[in-house]
Amino acid sequence: LPNQLTEVYRQLQNIESDKAPARASVILNGLGFTAAMQSQATKTFSGGWRMRLALARALFSRPDLLLLDEPTNMLDIKAIIWLENYLQNWPNTLLVVSHDRNFLDSVPTDILYLHSQRIDSYRGNYDQFIKTKTEKHKNQQREYEAQQQHRAHVQEFIDKFRYNANRAASVQSKIKMLDKLPELKPIEKEVGVILKFPETEPLSPPILQINDVSFGYVANKTIFSNVNLGATLDSRICIVGDNGAGKTTLLKIIMGQLTPTSGISNTHRNLKFGYFSQHHVDQLDMNLNSIELLQTSYPGKPIEAYRRQLGSFGVSGDLALQTIGSLSGGQKSRVAFARMCMGYPNFLVLDEPTNHLDIETIEALGKAINKYNGGVILVSHDERLIRMICTELWVCGGGQVQSIEGGFDEYRKIVERELES
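Now the structure itself:
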């Protein structure tokens, strides 16, 4: 028994069990769990927080191979920045699937590109992968075109002297040479994703004003107070802050879905909101196809009008006739965008629109928003999308909502200072 006990103590020392509570606390704190939350029972947390717990458990166990599937989906920006920094020093093998472009530029050392039923490996982060892949495709296309020109030149010689007895040996030699040439194929052009928001009519200001607004769902528990903000049809605003800081609540006050506890929220009488909720995709009727869904929401239009609308968001052909339940998450999001825009809104309110989108569609979303001539307020944790489109940041936290200058760089500095402290 003493020998067994000695062995147990030796193993505990090897795994540094005395440091385990502190290490667990560091991980949980980085993922947004306060000291009070860390002592709560798991069953008291919502689904989103339980996903964070599952991530924390995976990180704490320090496996030889860590597999992460969309780890940033349930995280706010502060937790994502912490996770990026934490994984950059990860000692073992990490395999991650993610659509977060900034995360993929910060963490991976290699990219595995799955396409055409094959996997190609690239050294470097995502940005390096794009550069290398683009250059590789250009070289392959140049080789293909050069070979096609060579083939055409040789074939022209063969056709010209095929029945010339004096050139028979030379013609046969050329034919054999053509047969031995490796068969190069042209690069398949990747079909780009295109999203298009509707044109809107200009409105004279003021468009949207929030004056001395306070709000709480229950008495004596204010989420934020004395908020003063404004927006125009030129606005490109991103609302950021920790989960639970009131970002979605602020959106609902802006759209008039919630009434402020005190203060006034004013909007232009002709302002028409297009609202994309992070739960919209789950609320679509899965038994309908996309055309039927638009018909239900906006009846009385010709079929071609619904097809055009869906086509503006990359849902065309047979895809528009598939039941929504059979579509991928990204395709469902595009259908939700199409339905939202069928009412020709002049102000878009987008709550976590990237959750189900791939990198190419997120890029297309950013470009579509930049071309849109109405106002935009966005809640997102996707750093690249925020940098693409937003010119103003509203930060929720500590019972306040404040507009900060300096854009996302300034907000990132604030978050990193908080993480260091």
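Heads up: the sequence shown is residues 3 to 423, going by my numbering. For each residue, glycine too, the CB sits at the ideal point set by N, CA and C.
If you compare alpha carbons, which of Gly401, Cys343 and Ala366 is closest to Asn222? Numbered from 1 along the sequence shown, position 220 holds the residue referred to as residue 222. Cα-wise, what sits closest to Asn222 is Gly401.
Taking the alpha-carbon positions, what's the Gln142 to Thr136 distance? The count along the sequence shown starts at 1 and reaches residue 142 at position 140. The count along the sequence shown starts at 1 and reaches residue 136 at position 134. Roughly 10 Å between the two C-alpha positions.
Test item: CB-CB of Leu67 and Thr111 under 8 Å: Within the sequence shown, the letter at position 65 stands for residue 67. Within the sequence shown, the letter at position 109 stands for residue 111. Contact: no.
Cβ neighbours of Pro483 in the same chain (closer than 7 Å, five flanking residues each side left out): The structure shown has nothing for residue 483, since the chain only spans 3 to 423.
Going straight from the alpha carbon of Ser328 to that of Gly248, what length do you get? Residue 328 sits at position 326 when you count from the first residue of the sequence shown. Residue 248 sits at position 246 when you count from the first residue of the sequence shown. Looking at the two C-alpha atoms, the distance is approximately 34 Å.
Give a yes or no on contact between the stretch 314–323 and the stretch 240–257, applying the rule of three or more CB pairs nearer than 8 Å. no
Would the stretch 261–270 count as touching the stretch 385–400 if we require 3 or more Cβ pairs under 8 Å? no
Am I right that Gly353 and Val381 are in contact with their C-beta atoms under 8 Å? What's the rounded C-beta distance? For this step, residue 353 is matched to residue 351 along the sequence shown. For this step, residue 381 is matched to residue 379 along the sequence shown. It should be pointed out that residue 353 corresponds to Asp in this sequence rather than to Gly. With a Cβ gap of about 5 Å, Asp353 and Val381 count as contacting.
What three-state label does DSSP hand Gln259 in the structure shown? Numbered from its first residue, the sequence shown carries residue 259 at position 257. It is coil, neither helix nor strand.
Classify Phe278 as buried or exposed, calling it buried when 16 or more other Cβ atoms lie within 10 Å of its own Cβ. Reading the sequence shown from its first residue, position 276 is the one you call residue 278. Buried, by the Cβ-count rule.
Round the Cβ separation of Asn268 and Gln211 to the nearest angstrom and send it over; I've been treating them as touching at under 8 Å. Walking along the sequence shown from the start, residue 268 turns up at place 266. Walking along the sequence shown from the start, residue 211 turns up at place 209. Confirmed, Cβ separation roughly 5 Å.
Using 8 Å as the threshold, is the C-beta distance between Leu367 and Leu387 below it? Counting from 1 along the sequence shown, the entry for residue 367 is found at position 365. Counting from 1 along the sequence shown, the entry for residue 387 is found at position 385. Yes. Within cutoff.
Among the residues of its own chain, which have a CB less than 8 Å from the CB of Glu420, if the five just before and after it don't count? Here the question's residue 420 lines up with position 418 in the sequence shown. Excluding sequence neighbours, Glu420 sits near Lys80.
Touching by the beta-carbon criterion (3+ pairs, under 8 Å), the stretch 157–172 and the stretch 117–133: no
For Ile196, which three-state DSSP category applies? On the sequence shown, position 194 is the one that residue 196 refers to. Ile196 falls in the coil class under three-state DSSP.
Just to confirm, is the Cβ distance from Ile105 to Thr74 under 8 Å? Numbered from its first residue, the sequence shown carries residue 105 at position 103. Numbered from its first residue, the sequence shown carries residue 74 at position 72. Looking at the sequence provided, one finds Phe at residue 105 rather than Ile. Against a cut-off of 8 Å, the Cβ pair of Thr74 and Phe105 comes out as a contact.
Given Ile160 as reference, the closest of Gly246, Asp181, Val283 and Leu3 once Cα atoms are compared: Your numbering for residue 160 matches position 158 in the sequence shown. The residue with the shortest Cα to Cα distance from Ile160 is Asp181.
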